[in-house]
Amino acid sequence: MSSSLQPTWPDQHQACLALAFDLDGPTGDAMLNGSIWRKPEYFGFGGYGPYRALPRILDLLDEFRIPTTFFVPAWVVENWPKQCQAIVERGHEVAYHGYKHESFYALTLEQQKDVMHKSREVFWKYLNIRAEGFRTPSGDWRAETPAMLVEAGVTYSSSMRGDDRPYLVKVPGFDTPLVEIPGRWEMDDYASLAYTRAPDFPSGLDRTASYELTLDNWCREFDGAMAEGLCLTTLFHPKITGKPGRILLLEKLFEHMRQRDDVWFATCRDVAHWWLKEHHHG
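Quick note on our numbering: the sequence shown kicks off at 1 and runs consecutively.
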């Protein structure tokens, strides 16, 4: 099956895979509302990501030579600086993901600006980088968010769900649009593999899917996107897929992906630069 709207990719590649992880650590609602300090098990679960899971994932990425984008809350960078520095040192991209994984839709514009300003300072202090990418922690934002991001030096977002190709978001007052690289919940490991006791939903049923079926789902999503020449990105989390049994699942997924020689494996930043060059003629 082919599409009349099939994108073109560099070096005669037929499709694009922009692998991405959200290195959330223990940030999120529990940290924002203070309940995390009464839930040590949640802090341990989150801290496992940068502390224990990330090194496994970086080794696996080296093995398969897959450039990757890590969206990282700045609080995680502050508290696990050496681990986050290793991401950059090993050739991958680090991009913005809030300070403590805030819902940008719930923040005023000024609060959003404060989060981005703090994140920029932290990234520069600990990683010596000016990140270009942003993934909204909650999968939503306000109408004025794109302009705020561009003002903060962001060139692309990977936040929305409305397409399976990158697209351009016109930003009032700026000549260059924001590139959106949309993700899909089907490629979010939380949907299949996250185990939670509170809430225990669905009640009375197993709360993690079969690893075999999860791998099959991901491979089919990859195959379908590549067959149509699209850009597939992921919403994986080291604290979910960086555990011993699940890293083997990732290994099999990467083996499947690497069987194709017509796929451009790229960071989200490189995808955004390419898309701008090809599609923005302002």
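We put the CB at the ideal spot given by N, CA and C, even for glycine.
How many whole angstroms separate the CB atoms of residue i and residue j, which I take to be in contact at a CB cut-off of 8 Å?
i	j	result
Ala53	Lys239	6 Å
Pro166	Trp275	4 Å
Thr27	His101	4 Å
Asp140	Tyr105	4 Å
Ser119	Arg135	The Cβ separation is near 12 Å, so there is no contact.
Glu253	Trp218	Note on identity: in this sequence residue 253 is Leu, with Glu being the wrong assignment. At roughly 5 Å, the Cβ-Cβ gap stays under 8 Å, so Leu253 and Trp218 are in contact.
Cys231	Gly133	14 Å between Cβ atoms; not a contact.
Asp164	Ala225	6 Å
Val77	Phe123	6 Å
Pro182	Arg161	6 Å
Leu17	Met257	6 Å
Gln6	Gly229	4 Å
Is it the case that the Cβ atoms of residue i and residue j are separated by a distance below 8 Å?
i	j	result
Gly98	Pro137	yes
Ala131	Val94	yes
Gly49	Asp24	yes
Thr176	His273	no
Trp9	Trp264	yes
Phe43	Ile36	yes
Pro81	Tyr126	yes
Ile66	Leu19	yes
His92	Thr108	no
Gln112	Met148	yes
Tyr328	His237	Shown here, the chain extends from 1 to 282; a query on residue 328 therefore has no answer.
Met187	Glu221	yes
Leu193	Arg246	yes
From the DSSP output, which residues share a beta bridge with residue i?
i	result
Leu235	Asp188
Ala15	Val263
Phe134	Tyr96 and Ser157
Could you tell me if the beta carbon of residue i falls within a distance shorter than 7 Å of some heavy atom in the ligand FAD?
i	result
Tyr96	This structure does not include the ligand FAD; it has no bound ligands of any sort.
Those runs of the alpha helix (DSSP H) which lie wholly inside the region 152 to 206 and span at least 4 residues
190 to 193
message = Restricting to runs no shorter than 3 residues, where is the beta strand (DSSP E) found entirely within the region 19 to 66?
response = 20 to 22
Counting only runs that start and end within the region 69 to 106, where is the beta strand (DSSP E) found for 3 or more residues in a row? 69 to 72 and 93 to 96
Review point. So does the region 240 to 247 actually touch the region 51 to 65, counting three or more Cβ pairs closer than 8 Å?
Key: yes
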